[in-house]
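Scroll down for the structure; my scribbles are underneath it.
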Amino acid sequence: MSQPTLAFKSLRNPNICDKRKLIFVHNPKAAGKSFRKWLGFEGRINHGFPSYDTPVNLWDEYTVIVCVREPIKRALSLYKFMTHESYQGTMLKAFPDIHSYDPLTFFTTIMARQRLFLAKQYKYTHHFGSNKEPDYVLRVEDLDVSEIADRFSISDPFPWENSGKNSELVELEEDLYWYLVNHFKADYFFFGYRPKPYDEFMDTQKLAA
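So for the sequence shown, our numbering puts the first residue at 354; every next one is plus one.
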């Protein structure tokens, strides 16, 4: 086997299983780690968009699973993950002081310079080369995996890997809240979410903390 072939294989999307004809699209901060474990995927993490890292013929033929989440809760989950002192990921090299970022600094920086880390979720549910929609677009808030479990003969309970690990309240200013709502308006439209009034959203955060 030639070296270029080996290099190509090492870059292949790790969330594709040819044996089961299954593709899991790993939308960040939407139960992706739990899904990968439950579906039996191992190896490196890949948050790539299907249009760029999934062959269109496989997208059309295989079962495609995507999970989405309420947009602001997802954004705040990413904020808490990347600003926590335990975070040692790739963004730390680009932004060495990211652990000290307040919400305004974090979101304006990420949205301006690193859009992939806070991409709009609809980009994970489309393939530019195909008209096919994912077979399953699931929402974290009302997740039901029973049909998938039956289809792929999965008997293990869904693991919920990161649930409740960081329930700290994020002090989000009202102007920033509505800025984020507007930024993610396509996700609200496509996935049936409705933005809550600011005070109601903050009260919900407090109850969950």
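Quick reminder that beta carbons are idealized off the backbone N, C-alpha and C, glycines included.
As the structure is a prediction and not an experimental result, all values here were calculated from the model.
Beta-carbon contacts of S404 that lie in its chain and below 6 Å, excluding the five residues immediately before and after: H480 and F481
Could you tell me which of Y551, D455, H379 and A428 sits nearest to F394, measuring between CA atoms? H379
Close beta carbons around D509, own chain, < 7 Å, minus the five adjacent residues each side: W391
Do the CB positions of T462 and Y475 come within less than 9 Å of each other? no
Neighbourhood of N399 by C-beta, 8 Å cutoff - its chain only, sequence neighbours within 5 removed: N366, P367, N368, H379 and D406
According to DSSP, R492 sits in a beta bridge with which residue or residues? V421
Host beta strand (DSSP E) of I501 (start-end): Per DSSP, I501 belongs to no beta strand (DSSP E); it is in the alpha helix (DSSP H), S499 to R504.
Take K372 as the anchor and find which of L471, T416, V409 and R397 has the nearest alpha-carbon. T416
Among all the DSSP beta bridges, which residues are the ones paired with V523? In the DSSP output, where bridge partners are listed per residue, V523 has none listed.
Is the Cβ-Cβ distance between F402 and A472 less than 9 Å? yes
Keeping to the same chain, check which residues put their C-beta closer than 8 Å to that of P512; ignore five residues upstream and five downstream. S387, K390 and W391
Assuming L445 is part of the alpha helix (DSSP H), what are its boundary residues? DSSP places L445 inside the alpha helix (DSSP H), whose first and last residues are M444 to A447.
Assuming V419 and Y477 form a contact by the criterion Cβ under 8 Å, report the distance between their Cβ atoms to the nearest whole angstrom. 5 Å
Close Cβ partners of K549 (< 8 Å) along its chain, the five nearest in sequence each way excluded: T557
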